[in-house]
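Protein chains in written order, with numbering that gives the first Met the number 0: chain R, 0 to 207; chain S, 0 to 207.
Note that the Cβ used here is the ideal one computed from N, Cα and C, for glycine as well.
If you're wondering where the values come from, they're calculated on a predicted model, not measured in any experiment.
Protein chains: 2
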Amino acid sequence: MTSIDDVPGTRDRLIAAMSDLLQRRGLHGIGLSDVLAQAHAPKGVLYHHFPGGKVELAVAAIQAAVAYMKARLDRLQATHDDPVQALRAWLDHAQKQLEQSDFERGSPLATVALESTAADHVLRQALAQAFGDIRELLTGLLSQAGVMPVRAAQLATLMVGAYEGALIQSRVAGSAQPVRDIADVLLEWVRCEMKPKTDQQEPESTHP
Amino acid sequence: MTSIDDVPGTRDRLIAAMSDLLQRRGLHGIGLSDVLAQAHAPKGVLYHHFPGGKVELAVAAIQAAVAYMKARLDRLQATHDDPVQALRAWLDHAQKQLEQSDFERGSPLATVALESTAADHVLRQALAQAFGDIRELLTGLLSQAGVMPVRAAQLATLMVGAYEGALIQSRVAGSAQPVRDIADVLLEWVRCEMKPKTDQQEPESTHP
DNA sequence: TTGACAATAGACCGACTGGTCTATAGAATC
DNA sequence: GATTCTATAGACCAGTCGGTCTATTGTCAA
Numbered sequence: 000m001t002s003i004d005d006v007p008g009t010r011d012r013l014i015a016a017m018s019d020l021l022q023r024r025g026l027h028g029i030g031l032s033d034v035l036a037q038a039h040a041p042k043g044v045l046y047h048h049f050p051g052g053k054v055e056l057a058v059a060a061i062q063a064a065v066a067y068m069k070a071r072l073d074r075l076q077a078t079h080d081d082p083v084q085a086l087r088a089w090l091d092h093a094q095k096q097l098e099q100s101d102f103e104r105g106s107p108l109a110t111v112a113l114e115s116t117a118a119d120h121v122l123r124q125a126l127a128q129a130f131g132d133i134r135e136l137l138t139g140l141l142s143q144a145g146v147m148p149v150r151a152a153q154l155a156t157l158m159v160g161a162y163e164g165a166l167i168q169s170r171v172a173g174s175a176q177p178v179r180d181i182a183d184v185l186l187e188w189v190r191c192e193m194k195p196k197t198d199q200q201e202p203e204s205t206h207p
Numbered sequence: 000m001t002s003i004d005d006v007p008g009t010r011d012r013l014i015a016a017m018s019d020l021l022q023r024r025g026l027h028g029i030g031l032s033d034v035l036a037q038a039h040a041p042k043g044v045l046y047h048h049f050p051g052g053k054v055e056l057a058v059a060a061i062q063a064a065v066a067y068m069k070a071r072l073d074r075l076q077a078t079h080d081d082p083v084q085a086l087r088a089w090l091d092h093a094q095k096q097l098e099q100s101d102f103e104r105g106s107p108l109a110t111v112a113l114e115s116t117a118a119d120h121v122l123r124q125a126l127a128q129a130f131g132d133i134r135e136l137l138t139g140l141l142s143q144a145g146v147m148p149v150r151a152a153q154l155a156t157l158m159v160g161a162y163e164g165a166l167i168q169s170r171v172a173g174s175a176q177p178v179r180d181i182a183d184v185l186l187e188w189v190r191c192e193m194k195p196k197t198d199q200q201e202p203e204s205t206h207p
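In structure tokens form, the structure reads like this:
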């Protein structure tokens, strides 16, 4: 996904390049030349597929990231009976990806969110939708696990926030420790939240 | 603090301007011209006080932010008997500042952290130190409250992460709801962590 | 007054930015 | 083959970037 031209169509290559670079350096930190070089595409083709230029491409990358995350969460939810273990698998994957990229690739959402101004309506709208979608996914997973809806929404917000905050700390520390610590505490607590409601869970196992 | 030239010396004005702009738009999102205009200073004076240019000024702003936060946390710790209430006051203040700036001012650390590359040694070093300092402060507060040291360190990491993640979500949502939700859940849980160790707490009151 | 030095002031520069524009290549339809 | 439309290709532009450089001013010591 990160590598050279896997030749899946120019448009998709542009989105993939933008997505990768957004995670590493943010929207203002990269030039169109960086994106074009990484996608092996000339400038004209960018404005052909994305008349809105840099911002429109960034929005596409954000939406692609959400779609990817949704697909992965759905798959995990189908694979694991215990929702907490599904969450654990999700966080483990994030940690692995972070380590594989030498702690340079995190979330493409957080960086753009912090760079954006109130004047950047399009970006803000896309980001609001993206964060809302992810929270909704997690809320569904949690309430399906027996957490009360209102509470589930609160926990989902916390999970998203803690996740982003963990990536930030791991990135500057150059260590997976923060992500590990946060995941451990968070999942432990989430399991507590579920206990009172339902007791029909797997034979209880902490992470490997 | 945010306002016009309060004339506390050019150097401090530059730091204040950089600090404000880092929170709003990040390091790459602002030009030196923005900083200089906001500080009412010509370009020469910047390179006189900060020969390292933009980056050195950013580092100074980061360090100033940490010092400010440390001073505030110390004060809160002295004011409140119940450490959880001190944390509550801390988070309430953050929420208030966020609302007062129309959700545009968050943390100057997170943005720069996400924009920085492994090649930006100076920035990374300053950020690692900054996050480490803040975690240390919170760890101290928590262990003083009776939480076991190792556990306190984990919780501190989670608090910092959740705090940053809350600011991100509130910013794009244009609402204080995420910050409120996260603060509520977090403090509730932290109080749980303390209960088993010590029982000598104030007559238990949730936030106003 | 003179000299030394910190601070202020802004003109200036090459490099690079996002974006536009024209030219060409490829594919599909008639 | 002619025509049309999508896709590719990159030259080009005005504007901005961070940074350097040369004055000029203010201040204290001699």
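With at least 16 other beta carbons inside 10 angstroms of its own, residue 146 of chain S counts as buried. The three-state reading of DSSP puts residue 43 of chain S in helix, counting H, G and I together. Residues of chain S with a Cβ closer than 8 Å to the Cβ of residue 25 of chain R are, in chain order, 25, 27, 113 and 114.
A direct Cα-Cα distance of roughly 11 Å separates residue 101 of chain S from residue 172 of chain S. Scanning the segment 119 to 167 of chain R for uninterrupted alpha helix (DSSP H) segments of 4 residues or longer gives 120 to 143, listed from N- to C-terminal end. At the C-beta level, residue 13 of chain R and residue 33 of chain R stay beyond 8 Å of one another. Positions of the alpha helix (DSSP H) runs, each at least 4 residues long and wholly inside the segment 38 to 125 of chain R, are given as 42 to 48, 52 to 78, 82 to 99 and 107 to 114 in order along the chain. Contacts with chain S at 8 Å (Cβ-Cβ) do not include residue 34 of chain R. DSSP places residue 36 of chain R within a helical segment (H, G or I) once states are collapsed to three.
Taking residue 138 of chain S as reference, the option from S:72, S:44 and S:111 with the minimal CA-CA separation is S:72. Taking all protein chains shown into account, residue 87 of chain S has 16 or more neighbouring C-beta atoms within 10 Å of its C-beta and is therefore buried. Residue 121 of chain R sits away from residue 44 of chain R, with the two beta carbons spaced by 8 Å or more.
The three-state secondary structure of residue 175 of chain R, taken from DSSP, is coil.
C-alpha of residue 50 of chain S to C-alpha of residue 59 of chain S: approximately 12 Å in a straight line. In the same chain as residue 192 of chain S, and ignoring 5 residues on each side of it, the C-beta atoms closer than 6 Å to its own belong to 146, in chain order. When secondary structure is reduced to three states using DSSP, residue 14 of chain S falls in the helix class. For residue 55 of chain R, no Cβ of chain S is located within less than 8 Å of the residue's own Cβ.
Apart from the 5 residues on each side of it in sequence, residue 161 of chain R sits with its Cβ closer than 6 Å to the Cβ of 181 and 185 in its chain, given in chain order. It is roughly 10 Å from the alpha-carbon of residue 90 of chain S to the alpha-carbon of residue 165 of chain S. Taking all protein chains shown into account, residue 135 of chain R has fewer than 16 neighbouring C-beta atoms within 10 Å of its C-beta and is therefore exposed. Residues of chain S with a Cβ closer than 8 Å to the Cβ of residue 177 of chain R are, in chain order, 156 and 160.
Put simply, the CB of residue 168 of chain S is near chain R, with a gap under 8 Å to one of its CB atoms. In the three-state DSSP reduction, residue 29 of chain S falls in the coil class, being neither helix nor strand.
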